[in-house]
Amino acid sequence: MRWFFYLKGKVGIEVALRYVKEVVAEFTLVVVAEFTLVVVAEFTLQISRAISTTTKKGGELKWQ
Numbered sequence: 001m002r003w004f005f006y007l008k009g010k011v012g013i014e015v016a017l018r019y020v021k022e023v024v025a026e027f028t029l030v031v032v033a034e035f036t037l038v039v040v041a042e043f044t045l046q047i048s049r050a051i052s053t054t055t056k057k058g059g060e061l062k063w064q
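Numbering follows my numbering, with no gaps: position 9 of the sequence shown is 9.
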């Protein structure tokens, strides 16, 4: 928090709060994007495993 008070003293409260708001928004965006990427990757991996564990017999897919 010390950096916030330093920034507030240099540029004023409005600019400091705008900066904090932008930092929080970017952080939130990055967290959501990474979470989405992990979920999609895990789903893709599960689908890939499901396909690789099936065998084609008699024209239909059967689970092993």
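Just so it is clear, CB atoms sit at the ideal spot from N, CA and C, and this is done for glycine as well.
Check: Endpoints, alpha helix (DSSP H) assigned at residue 12; Outcome: Taken as a continuous stretch (DSSP letters only), residue 12 belongs to no alpha helix (DSSP H), as it is neither H nor E.
Check: Spatial distance of residue 40 from residue 32 (CA atoms); Outcome: 12 angstroms
Check: Alpha carbon of residue 6 to alpha carbon of residue 29, nearest angstrom; Outcome: 26 angstroms
Check: Backbone CA spacing between residue 52 and residue 24 [nearest angstrom]; Outcome: 42 angstroms
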